[in-house]
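This report refers to the structure that appears directly beneath it.
Numbering (the working numbering), first residue to last: 103 to 505.
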């Protein structure tokens, strides 16, 4: 071990002089050689559509702030009010220090909005998926999961120790066969996203619901990218398909413009998760101001303001989709606000992202392991806050950099 000197607090900063640091540096060099090394770009400003990135004003097309609510004054006012009333940090898990008013109010608002008996909050969307899957499935169970499900669902499946069967993306017939073949298991779960985060396509929810019902399986749908932005009144693609999954998962960090995740379903589901979901039991609760901001946002989403913003988002989505399809950059009209432009190699995606940034547009390259090898891309995401003129300029810039 090597001493490098005292810190201001009187502690020695110690650096390993052996192989560990060398191993880490070798791993980083390998990532660089494969053009997969990543770093967080520095961003600033209250707008997620017009941030300052690396000191330069940009038009961002990579945020999930689909309705442009992240900087809405109603959310800031609600957060400030809750901070004055409830304090900022929750200080402990809710089973330890109790429910605060902001938590109860948000859960009631979510349950009412989705017309479900109950809802339960988690600090993040990732923790929601992890907690739900591991609480509902174990070694005696079968999970049938879409091949392109989010990493949080994949990790939940792995940690559950259940038998996991992967069906080809969006293939409801294959999912039905796997469920039918698993009748010996105690419980069968069918797990899917509704709007897929990287490809922007929708699951065949009606057919999946039929497969789950026919096999007495539990249907788990993650509406992270649809909740608030799509479906009747912003209630998601399940509502659009006319189905009510046993477990509906959503996030508060995308269209809602806040942070956190939630589960909506029966009161029995909520109570079981309170007792079994480790990511709820063993973590500090969502800060009350964040919960209050999300409650204010749900109120906006459910009202005329939400309808107006969804209409704007649909217009942006339609016009940009048509413009990109006309240039052969996307396959057809998008289902939602996610439009992937698949470029193949990491090098090509990085070059396109750099070219866009030089022209004032912020769209980082998406590379493995986020997407499969050979499918590196620009993942374009739209917001109701985007201006048509900026989108017109973006189409011209994108055509230049991928030519």
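Beta carbons are placed, not taken as given, at the ideal position from N, Cα and C, and that holds for glycine.
Since this is a predicted model, take the numbers as computed values, not measurements.
Through-space distance from residue j to residue i, alpha-carbon basis
i, j, result
"residue 200", "residue 359", "25 Å"
"residue 376", "residue 197", "8 Å"
"residue 459", "residue 146", "16 Å"
"residue 345", "residue 156", "44 Å"
"residue 457", "residue 503", "6 Å"
"residue 482", "residue 442", "6 Å"
"residue 467", "residue 204", "37 Å"
"residue 329", "residue 323", "11 Å"
"residue 208", "residue 177", "13 Å"
"residue 164", "residue 285", "42 Å"
"residue 408", "residue 212", "15 Å"
"residue 411", "residue 473", "30 Å"
"residue 487", "residue 342", "24 Å"
"residue 348", "residue 320", "6 Å"
"residue 404", "residue 133", "45 Å"
"residue 224", "residue 276", "32 Å"
"residue 161", "residue 282", "49 Å"
"residue 427", "residue 270", "26 Å"
"residue 107", "residue 123", "Low local confidence applies: a pLDDT of 45 at residue 107 is under 50, so the model's placement there is unreliable, with the coordinate-based value given in what follows. About 18 Å."
"residue 396", "residue 128", "43 Å"
"residue 432", "residue 425", "9 Å"
"residue 46", "residue 365", "No statement about residue 46 is possible, as the shown extent of the chain runs from 103 to 505 and does not include it."
"residue 245", "residue 154", "43 Å"
"residue 265", "residue 500", "44 Å"
"residue 350", "residue 325", "7 Å"
"residue 192", "residue 421", "43 Å"
"residue 440", "residue 302", "5 Å"
"residue 398", "residue 182", "12 Å"
"residue 489", "residue 401", "24 Å"
"residue 218", "residue 130", "47 Å"
"residue 103", "residue 464", "The pLDDT assigned to residue 103 is 40, lower than 50, so where the model puts this residue is not dependable, and the model offers no usable value."
Three-state secondary structure assigned by DSSP to residue i
i, result
"residue 505", "coil"
"residue 409", "helix"
"residue 387", "coil"
"residue 269", "strand"
"residue 230", "helix"
"residue 212", "helix"
"residue 159", "strand"
"residue 358", "coil"
"residue 352", "strand"
"residue 256", "helix"
"residue 244", "strand"
"residue 489", "coil"
"residue 336", "helix"
"residue 169", "coil"
"residue 106", "Reliability of the predicted coordinates at residue 106 is poor, the pLDDT of 44 falling under 50, and no value is obtained from them."
"residue 304", "strand"
"residue 138", "coil"
"residue 506", "Lying before the first or after the last residue shown, residue 506 is absent from the chain, which here runs from 103 to 505."
"residue 279", "helix"
"residue 403", "helix"
"residue 481", "strand"
"residue 346", "coil"
"residue 377", "helix"
"residue 238", "helix"
"residue 372", "helix"
"residue 217", "coil"
"residue 500", "helix"
"residue 205", "helix"
Anticipated Cβ contact below 8 Å, residue i with residue j, distance rounded
i, j, result
"residue 310", "residue 332", "The Cβ separation is near 17 Å, so there is no contact."
"residue 367", "residue 354", "Contact flag wrong, Cβ pair sits at about 17 Å."
"residue 255", "residue 247", "7 Å"
"residue 243", "residue 187", "That belief does not hold up - the Cβ atoms of residue 243 and residue 187 are roughly 42 Å apart, past 8 Å."
"residue 480", "residue 455", "6 Å"
"residue 173", "residue 149", "6 Å"
"residue 337", "residue 215", "7 Å"
"residue 415", "residue 169", "7 Å"
"residue 327", "residue 438", "7 Å"
Residues that DSSP places opposite residue i in a beta bridge
i, result
"residue 320", "291"
"residue 154", "146 and 159"
"residue 495", "Residue 495 is not bridged to any residue."
"residue 365", "222 and 351"
"residue 297", "304"
Any C-beta of chain B under 7 Å from that of residue i
i, result
"residue 471", "Any reference to chain B falls outside this structure, which holds one protein chain only."
(request) Mind listing, in chain order, the continuous beta strand (DSSP E) runs of no fewer than 3 residues lying wholly within the region 417 to 479? (result) 440 to 446, all fully within the region 417 to 479.
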